[in-house]
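Visitor:
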Amino acid sequence: MKQALKLLLLATFALLTGCNNSSVKPIDEEKGFDYGRIRNEKYSNTFFNLEMNVPKNWHPQNKEEIKELTNEGRKIVAGGNENTEARIKASEINTASLLVVFKYDEEDDVMDYNANFMLVAENIKNATAIKTGEQYLNHAQKLIMGSALAITEIDKEFEKRTINGIDFYQMNMTVDIEGIPVYQTYLVTIENNFALSLIYSYLNEEQKNEIEEKAINTIKHKK
0 MKQALKLLLL ATFALLTGCN NSSVKPIDEE KGFDYGRIRN EKYSNTFFNL EMNVPKNWHP
60 QNKEEIKELT NEGRKIVAGG NENTEARIKA SEINTASLLV VFKYDEEDDV MDYNANFMLV
120 AENIKNATAI KTGEQYLNHA QKLIMGSALA ITEIDKEFEK RTINGIDFYQ MNMTVDIEGI
180 PVYQTYLVTI ENNFALSLIY SYLNEEQKNE IEEKAINTIK HKK
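Mapping of the sequence shown onto numbering that gives the first Met the number 0: residues 0 to 222, in sequence order.
1. Could you tell me the alpha carbon to alpha carbon distance between residue 0 and residue 68, rounded to whole angstroms?
2. In or out: residue 208 buried (at least 16 other Cβ within 10 Å) or exposed?
3. How many angstroms separate the CA atom of residue 175 from the CA atom of residue 37?
4. With distances taken Cα to Cα, identify the nearest neighbour of residue 189 among 201, 180, 202, 161.
5. For residue 65 and residue 167, what's the separation of their Cα atoms in angstroms?
6. CB-CB under 6 Å to residue 204, same chain, minus the five flanking residues each way: which ones, in chain order?
7. Could you tell me the distance, in whole angstroms, from the CA atom of residue 206 to the CA atom of residue 200?
8. Taking the alpha-carbon positions, what's the residue 141 to residue 216 distance?
9. Looking at residue 218 and residue 171, is the spacing between their C-beta atoms short of 8 Å?
10. With distances taken between CB atoms, is the gap from residue 55 to residue 40 smaller than 8 Å?
11. DSSP three-state label for residue 127, please.
12. Report back the beta-carbon spacing between residue 193 and residue 121 to the nearest angstrom; my notes put them in contact at under 8 Å.
13. Measure the alpha-carbon distance for residue 136 versus residue 145 and round it to whole angstroms.
14. Alpha carbon to alpha carbon, what distance is there between residue 119 and residue 32?
15. Below 8 Å on the Cβ atoms is my guess for residue 169 versus residue 184; work out the distance and round it to an integer in Å.
16. Who pairs with residue 167 in a beta bridge, going by DSSP?
Here you go:
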């Protein structure tokens, strides 16, 4: 469980610092910005006009849990480098973890990898070079490759993937965690001058298919 959390945080924060826009206002101050809410096993967000399913009996993290993960992730990514940690912390003003969901609760006694997914927004209003999810991933990939992750495979080109009318660009990578290959998929689209990222982490095709069927492939704009 602990390694699952660390993997999620390492990869996520490498992505979140992709466009360090220190000149934009804090994300909470953006007019109409919405972290979203979960009701009846469905996440919805008015700012992005989005909704997606949250699988039954899976475990969304609350704000305090997300904050704890954020603090831990920052230190892990920095790897003791104070300048890197300061840069990551500065970038957090532009990002928001909208949804973080694990298959198992921390108290569950399971041997299986704790598959997870998250939805993250980053303000790229002043990042004039970023117009598409593909361009965003190009920046993020460079930071990921320079992180402490033991990456064994990562896409060099990003495939366009349309889900219910929303155009994403996709990046896949494999990370070695104590000799075990763990897989992550990044899906990025641009909405309202934000990079909106779906990130999911899994151990095998069965877990990947479950996440995609029950959550990822349900994302859509609300009517």
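In this text, a Cβ means the ideal position worked out from N, Cα and C, and glycines have one as well.
Guide: The answer reads as follows:
1. Counted from its first residue, the sequence shown places residue 0 at position 1. Counted from its first residue, the sequence shown places residue 68 at position 69. Residue placement at residue 0 is flagged as unreliable, the pLDDT there being 48, under the threshold of 50; a coordinate-derived value is accordingly withheld.
2. Residue 208 sits at position 209 when you count from the first residue of the sequence shown. Exposed is the call here.
3. Counting from 1 along the sequence shown, the entry for residue 175 is found at position 176. Counting from 1 along the sequence shown, the entry for residue 37 is found at position 38. Taking the straight line from one Cα to the other gives about 33 Å.
4. Start at 1 with the first residue of the sequence shown, and residue 189 comes out as number 190. The candidate whose alpha carbon is nearest that of residue 189 is 161.
5. In the sequence shown, counting from the first residue as 1, residue 65 sits at position 66. In the sequence shown, counting from the first residue as 1, residue 167 sits at position 168. Roughly 25 Å between the two C-alpha positions.
6. By 1-based counting over the sequence shown, the position of residue 204 is 205. Around residue 204: no qualifying Cβ.
7. Within the sequence shown, the letter at position 207 stands for residue 206. Within the sequence shown, the letter at position 201 stands for residue 200. Taking the straight line joining both Cα atoms gives about 9 Å.
8. Within the sequence shown, residue 141 is the residue found at index 142, counting from 1. Within the sequence shown, residue 216 is the residue found at index 217, counting from 1. Going by C-alpha positions, residue 141 is about 27 Å away from residue 216.
9. Within the sequence shown, residue 171 is the residue found at index 172, counting from 1. Within the sequence shown, residue 218 is the residue found at index 219, counting from 1. Judged by their CB atoms, residue 171 and residue 218 are not nearer to each other than the 8 Å cut-off.
10. Walking along the sequence shown from the start, residue 55 turns up at place 56. Walking along the sequence shown from the start, residue 40 turns up at place 41. Remark: C-beta atoms of residue 55 and residue 40 approach each other more closely than 8 Å.
11. Walking along the sequence shown from the start, residue 127 turns up at place 128. Coil, per DSSP.
12. Along the sequence shown, one-based indexing puts residue 193 at 194. Along the sequence shown, one-based indexing puts residue 121 at 122. Confirmed, about 6 Å.
13. Start at 1 with the first residue of the sequence shown, and residue 136 comes out as number 137. Start at 1 with the first residue of the sequence shown, and residue 145 comes out as number 146. Those two C-alpha atoms are separated by around 14 Å.
14. The residue given as residue 32 occupies position 33 in the sequence shown. The residue given as residue 119 occupies position 120 in the sequence shown. So the alpha carbons of these two residues sit roughly 13 Å apart.
15. As a working mapping, residue 169 is identified with position 170 in the sequence shown. As a working mapping, residue 184 is identified with position 185 in the sequence shown. With a Cβ gap of about 6 Å, residue 169 and residue 184 count as contacting.
16. What you label residue 167 is simply residue 168 of the sequence shown in a count that begins at 1. 160.
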